[in-house]
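Residue numbers (numbering that gives the first Met the number 0), protein chains in the order written: chain A, 0 to 318; chain B, 0 to 318; chain C, 0 to 318; chain D, 0 to 318. Note that CB positions come from ideal geometry on N, CA and C, so glycine has one too. Here the structure is laid out as structure tokens; the discussion comes afterwards.
4 protein chains.
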Amino acid sequence: MSDPTEPCHDIAHLGHVEMFTPKLADSVHFFVNVLGLTESGREGDSVYLRGWDDYEFHTLKLTASHTSGMGHVAWRTMSQQALERRVKVLEAKGWGVGWTDGDLGHGPSYRARTPDGHPIELYYDTRWYEAPEALKPALKNQAMKYPARGCNARRIDHLNLLVLDVAETRVFFEQGLGMRLTEQIVLDDGTEAGAWMTATNKTYDIAFTKDNTGVAGRFHHLTYALDCREDILRAADVFLENGVFIETGPHKHAVQQTFFLYVWEPGGNRVEVANAGARLMLAPDWKPIRWTQAERSKGQAWGLKTVESFHTHGTPPVE
Amino acid sequence: MSDPTEPCHDIAHLGHVEMFTPKLADSVHFFVNVLGLTESGREGDSVYLRGWDDYEFHTLKLTASHTSGMGHVAWRTMSQQALERRVKVLEAKGWGVGWTDGDLGHGPSYRARTPDGHPIELYYDTRWYEAPEALKPALKNQAMKYPARGCNARRIDHLNLLVLDVAETRVFFEQGLGMRLTEQIVLDDGTEAGAWMTATNKTYDIAFTKDNTGVAGRFHHLTYALDCREDILRAADVFLENGVFIETGPHKHAVQQTFFLYVWEPGGNRVEVANAGARLMLAPDWKPIRWTQAERSKGQAWGLKTVESFHTHGTPPVE
Amino acid sequence: MSDPTEPCHDIAHLGHVEMFTPKLADSVHFFVNVLGLTESGREGDSVYLRGWDDYEFHTLKLTASHTSGMGHVAWRTMSQQALERRVKVLEAKGWGVGWTDGDLGHGPSYRARTPDGHPIELYYDTRWYEAPEALKPALKNQAMKYPARGCNARRIDHLNLLVLDVAETRVFFEQGLGMRLTEQIVLDDGTEAGAWMTATNKTYDIAFTKDNTGVAGRFHHLTYALDCREDILRAADVFLENGVFIETGPHKHAVQQTFFLYVWEPGGNRVEVANAGARLMLAPDWKPIRWTQAERSKGQAWGLKTVESFHTHGTPPVE
Amino acid sequence: MSDPTEPCHDIAHLGHVEMFTPKLADSVHFFVNVLGLTESGREGDSVYLRGWDDYEFHTLKLTASHTSGMGHVAWRTMSQQALERRVKVLEAKGWGVGWTDGDLGHGPSYRARTPDGHPIELYYDTRWYEAPEALKPALKNQAMKYPARGCNARRIDHLNLLVLDVAETRVFFEQGLGMRLTEQIVLDDGTEAGAWMTATNKTYDIAFTKDNTGVAGRFHHLTYALDCREDILRAADVFLENGVFIETGPHKHAVQQTFFLYVWEPGGNRVEVANAGARLMLAPDWKPIRWTQAERSKGQAWGLKTVESFHTHGTPPVE
């Protein structure tokens, strides 16, 4: 898109997240048997997983590590040309790192780093998931059979990063990737404390909030979408039955009105299940919603106070 | 977008539909008190309505007429430049009609006609809905207060046109508006019998099916989205209680997996309520799903046979 | 209860149903992996199953047989005295058969036969289900862990018998077991064509409809309750994915307003999943609702026509 | 029931609650337009209300008063004989007060007092609700038309009293009314801190918890049932939009597993909406669940901490 006065649409959607875990087997058990993802492959220290409605080979890459946190987050572009346009911009801005050889689920990707250092990848060439015979769906417009297992996570939805400087990170995603800001928190002194951004008609694909520990590059949470609020409530029952630590929820966020439920997977990373999106961002000229300090202090939509750990727990943990 | 090998993204979303009704007062009662829309204005013989999550002034314009049917369907573009690009294309193809002076809810729009003659409008300059004091929402990221009335229709979702030639109409929306085909029905003899197309990450914003009466330019249905399947079931209860004719549903379509419910409003037009979209079209290179004659003869997803009137009833009625 | 002018309350609830199947392994697979029941034991040719909220050892006994149909239906009484009172009545009426030695899930039971010959058992002494360690629930007021598997059937709800004479069968349950009629279908000529009866605050625990084949003692369906309508819709998805024949539904019955979904298990027996009962029968002096022939011809609550097989398919099949 | 070793079944169900309010007009607005009850009559300083599935003339009597709190709670008996049996018992125990002349919604009732002094009434002769033409339901097995307004409260479910001595109050309901204890909280020192009791197959119709203020006879909350959990979530949206104070919820209680949402009506009384009961008490020999101090300190089912006001706010308020 050559005209800077027009909306950019180079990023198609959030592709996948690589998550580090010090307890690979336990994490795989959680994501497969409790959350309901399906394994599509393994290579080296990594296990590749996806929700039943995810069309790509994987949307989560779990990698064994000495600690928790995010390995990288990858975005699929609208086309090969769009990918190349983004690479030029990222290089020009000095955010670029270079090309990778690809992975089990996609071809060569271009790696960049946010101001905090979070690794970001862009790719276009992908591997569509092909269901084995036993997992073929009854309806051919669906990626695989509905698993009817655990929380039945449908598809990857968004991720949330902890960052040292929200405004700088926002600029990275606006200018580097061409994404749009839809909602934000701005403190009384003008500091940005949180931002929600989208590349699609979803109201956000990524969010980031200020990390008060002063440690750069940490991860807040990864979210899978379920179909409806009843599914989130059922997920709470399933987490309870399986001994998973429920940090907070189910409840409704005032920001973005997401119906949320946060748990910690065995590796220590925060995982959210949220409803899959009756709310869409259709207006091309949406003015970002700005939440004030006073508004945020009221808690969540129906009055739940934000739990303290939500502001402090990130991965990897701070020593 | 100058490069034809790249996805086009000039249309932002379905804007509104003008619907003719021979019983204006009864139709307004239906849309406001049963479906749960809110009136935002009146002018001449027209009443302007919208769902509680529609951000524009109106998404439905009800106009008194001697018969039923669709007045026009309007699409909002991504920008003024996108609008001008589309006008050039429509004029070049011979589909254009010319500019209008605008309407209560938007500025000048460009009118074109599908091969069947259905009036289509494109506009960018719009009027955002501003809720009066009594209808201000509790959360400022929402267009208005949730009405808690009738079916509580959330937002306009899509429309369906009856057409003489599905393939020609598909080409109009692909080339004229730059929209994408996501699913289609192709008969054994190669004839296209139905098409579902999108301009967004929704899996379709418009559909059209063959009109076997031989009459051009008829209307099949207009759909408002509700949040979840439970809301559709509740809507069925509400329609039953209010004496509204339920044509078929609630059930799940095999095509697009929409959870549907069709009724006829007092003016005779078919109206659908459907769930608002856990299912999204995120892949930029989606290969359209092609349903065969044999597959369609199986009925809907869970086995419901398609009712005969679904193939014959359109508006205006055929003498 | 000695005073015949007072409501009788000797039957506590429906206990279990024994179902015959010519395909035991397939039927067990269906009930465990698709419907979501849990096996609690095996003996001889029988497998004992229950829903996660069923407090007794079993609510379904699947027994291998040369054909399909119902082995017997058992009712738990309020007390040992209540059981003895019922035995006296059944013997006096000539409906009694005699005492059994009990079964894996309960102590001695008294067997009787309906006018059609359907075997009925009454018992008080039961075996409470004790969950093994791996199936212990997180909340101690629940029988076992929520399975998060298949349709997650919650508890046995009711059964439906095909009978030659609805009125005679109704009298059997009213006088023999002390149950109450809550709704019925009465044809224009005064013949009773269907009856719904309850022993509890559920609006029915058993129903019976006229068998037009002239064959006595057949079985129509067994129903397990799920929590809400969304769960029934999800069950339809699960049945579809698992190749289970969906006969009709999901839809809402006008009679009793049950939200229903009927399928055929591999052995040929009809199984229903229905919502678990926001609707209760609290009035002690409820006047039975009488549906006329004209009213029934309108189809189900939202207009679905009753499928032909619903009137003809019963088990065992008629040669 | 002459045999004390058998379960008693003299009480049919909770009939209605009289609630005092210092702001009658505001309270009526809340119950009708926000909660969705329907007014069936007025007399003197009282307004009579009911849910759309309540079969009697009223289940809530709102009476203007200088303060808030409960006027009385009334229970319908299974029969006239059952009423007379209960009167004898209440008189013999010294709990009886005497007969009333009846009310707009029922004939003569017998009044008693709990150890705390809460007024209790028993009656059998009742007035069935008759819907006016505009409120006639589409299905004749339903009390009135579904309102499609506000939270659409379905039926009265239970009430909760604050009491000085939980054990004494439990004995009153066990011996005086013949109700059953299903769950309770027992502190480490053996003191009973809460009790949940039932007269039906619902798992509780009344609960009472210890009032630590030392003031006798106060009221904790009145609960109306909605159909499913999604309805409770929607109710939270409706309360939020209408400026109603949400005290806590929606969340799931560990005790009784109720999915709850507590708000304060304009008169100051606490009102709950809860899901209508997939969970039933069918076992005639249920052993009451005893929750310990340690178990209760864990908070609600999914981890929500009990808000402080839940232990202190009762009506009328303590000076």
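The DSSP-derived three-state label of V214 (chain A) is coil. Between H15 (chain D) and M280 (chain D), the alpha-carbon positions lie close to 21 Å from each other.
For L232 (chain B), the nearest beta carbon of chain C is closer than 9 Å to its own beta carbon.
For D204 (chain A), there is no enclosing alpha helix (DSSP H), as DSSP marks it with neither H nor E.
S45 (chain C) is bridged by DSSP to C:E42 and C:T62. By DSSP's assignment, M196 (chain A) forms a beta bridge with A:L180 and A:I205. The C-beta of S308 (chain C) has fewer than 16 other C-beta atoms within 10 Å across all chains shown, which makes the residue exposed. In the DSSP secondary-structure assignment, V27 (chain C) is not bridged to any residue.
In the structure shown, F56 (chain C) falls within a coil segment according to DSSP collapsed to helix, strand and coil. Within the DSSP bridge table, the entry for W74 (chain D) names D:L13 and D:L121 as partners. One alpha carbon belongs to N268 (chain D), the other to E240 (chain C), and they sit about 49 Å apart. When the Cα atoms are used, A273 (chain A) and G104 (chain B) turn out to be separated by approximately 34 Å. At a cut-off of 9 Å, the C-beta of G242 (chain C) has a neighbouring C-beta in chain A.
In the structure shown, the three-state DSSP call for V162 (chain D) is strand. Under the Cβ distance rule, A147 (chain C) counts among the residues neighbouring chain A, one pair being separated by less than 9 Å.
Going by C-alpha positions, P114 (chain B) is about 8 Å away from D164 (chain B).
The residues E246 and T247, in chain order, have a CB closer than 8 Å to that of V306 (chain A) in the same chain once the five nearest residues on each side in sequence are set aside. Taking a contact to require three or more Cβ pairs closer than 8 Å, the region 116 to 127 of chain D and the region 87 to 105 of chain D qualify as touching.
Between C227 (chain D) and L225 (chain C), the alpha-carbon positions lie close to 11 Å from each other. With 16 or more other CB atoms across the displayed protein chains lying within 10 angstroms of its CB, T20 (chain B) is buried. Residues of the same chain with their beta carbon placed closer than 7 Å to that of G43 (chain C) are lacking, with the five preceding and five following residues left out of the count. Pairing L13 (chain A) with I231 (chain A) gives a Cβ-Cβ distance that is not under 9 Å. DSSP places N274 (chain A) in the strand class (E or B) of the three-state scheme.
The beta-carbon of C7 (chain B) is placed no less than 9 Å from the nearest beta-carbon of chain C. Between the region 58 to 74 of chain B and the region 251 to 271 of chain B there are three or more inter-stretch CB-CB distances shorter than 8 Å, so the stretches are counted as touching. In chain order, M143 and K144 place their CB closer than 6 Å to the CB of P136 (chain D), counting only its own chain and leaving out the 5 sequence neighbours on each side. The alpha-carbon separation between D204 (chain D) and D9 (chain C) amounts to approximately 21 Å. When B:A133, B:Q299 and B:T58 are compared, the shortest CA-CA separation from P249 (chain C) is found for B:Q299. Here T62 (chain A) really is in contact with E17 (chain A); their C-beta atoms are around 6 Å apart, less than 8 Å. As computed with DSSP, W127 (chain D) is found in a beta bridge with D:E55. Membership of K251 (chain B) in any alpha helix (DSSP H) is not indicated; the residue belongs instead to the beta strand (DSSP E) covering F244 to K251. In the three-state scheme derived from DSSP, where H, G and I count as helix and E and B as strand, R153 (chain D) is classed as coil. When DSSP reads this structure, L279 (chain C) sits in a beta bridge with C:K201. T37 (chain B) is positioned such that its CB atom lies no closer than 9 Å to that of L138 (chain B). A distance below 7 Å between beta-carbons, with the five flanking residues on each side excluded, links S296 (chain C) to no residue of its chain. Contact note: W98 (chain B) does not reach chain C at a C-beta cutoff of 8 Å; the least C-beta distance is about 45 Å.
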